[in-house]
Ligand SMILES: [Zn+2]
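Numbering (this note's numbering), first residue to last: 713 to 912.
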C-alpha cells in the first residue's frame, strides 16, 4: 500500500492495515484484522463461568456418543470431535475430571491422555491419511484455551497446503466432511486401526 492509501483496506470483513498506522509500533509488519474471529474469541458458546455445571467437557460424557460426538471413552479420559475444528479430524482428548491444567492431572490421567493422543494419531492416519499432526494444550485463557477450566489436548491432522487464507479472507475454514460423519469413521476405526510398531 502507498502512503496516501487509506489506513484500512477492507477485504470483505477482514482488513489489511498499513504498517505505520500504529505510532511507535514496528513498521515491518502489516496487520490482517479479522473481526469476525471475535465470535470465537468473544465466546458465543462459551461457558458463563468456570464451574463444572457450565462446562461442555463435563457435560459431554453424560450424553450419547453420537449426540456428543464422542469418538472413544477411556477409563480416565475420553476423545471427542472439536466442535470448532481447525481441520478435518480435529480431536480433543479430555480427562473426565474438571481440572484445568496438566499439572493437576494424576499420573494415571497424564498417562492415559498421552496414550489416547497417540492412539488418536494412529486412528486418524488409518482413516484420513494426514501427512502431519499438531498436538498441544493451551493452558489458561491467555494461553489460548477456549475452555480454560477443563484440560483438553488438541490432536489436529495436517495435510500439505491445508493452511491458507480461506479462514481470513473467505471467513470460512474448509472442512470437507460433516462432524457426525467424521465421528462415525474415527469411532469405527478406533479398535481396528493398525498400531504403530514400537518397542514394548
Ligand atoms: Zn469440565
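Note that the Cβ used here is the ideal one computed from N, Cα and C, for glycine as well. Given the structure is predicted, the values throughout are model-derived calculations rather than measurements.
key: C-alpha distance - residue 900 paired with residue 807, whole-angstrom precision   = Counting from one through the chain shown, the residue named residue 900 turns up at place 188. Counting from one through the chain shown, the residue named residue 807 turns up at place 95. Roughly 21 angstroms separates the two Cα atoms.
query = Secondary structure at residue 869, three-state DSSP: helix, strand or coil?
reply = Along the chain shown, one-based indexing puts residue 869 at 157. Residue 869 falls in the strand class under three-state DSSP.
key: residue 889 versus residue 804: straight-line alpha-carbon distance, rounded   = Along the chain shown, one-based indexing puts residue 889 at 177. Along the chain shown, one-based indexing puts residue 804 at 92. Cα-Cα distance, rounded: 17 angstroms.
message = Let's see if you can read the secondary structure: which residues bound the beta strand (DSSP E) around residue 767?
response = As a working note, residue 767 is residue 55 in the chain shown. Note, residue 767: premise wrong, no beta strand (DSSP E); not H, not E.
request  = Can you tell me the Cβ-Cβ gap for residue 859 and residue 783, rounded? I've got them flagged as a contact below 8 angstroms.
outcome  = Along the chain shown, read from residue 1 onward, the residue named residue 859 stands at position 147. Along the chain shown, read from residue 1 onward, the residue named residue 783 stands at position 71. With a Cβ gap of about 18 angstroms, residue 859 and residue 783 do not count as contacting.
ask   = In three-state terms, what does DSSP make of residue 789?
value = Within the chain shown, numbered from 1, the residue matching residue 789 stands at position 77. It is a strand residue.
ask   = Cβ of residue 809 within 8 angstroms of Cβ of residue 824?
value = For the purposes of this step, residue 809 is taken as the residue at position 97 of the chain shown. For the purposes of this step, residue 824 is taken as the residue at position 112 of the chain shown. No.
query = Between residue 870 and residue 843, is the Cβ-Cβ spacing less than 8 angstroms?
reply = Numbered from its first residue, the chain shown carries residue 870 at position 158. Numbered from its first residue, the chain shown carries residue 843 at position 131. Yes, Cβ-Cβ distance for residue 870 and residue 843 is below 8 angstroms.
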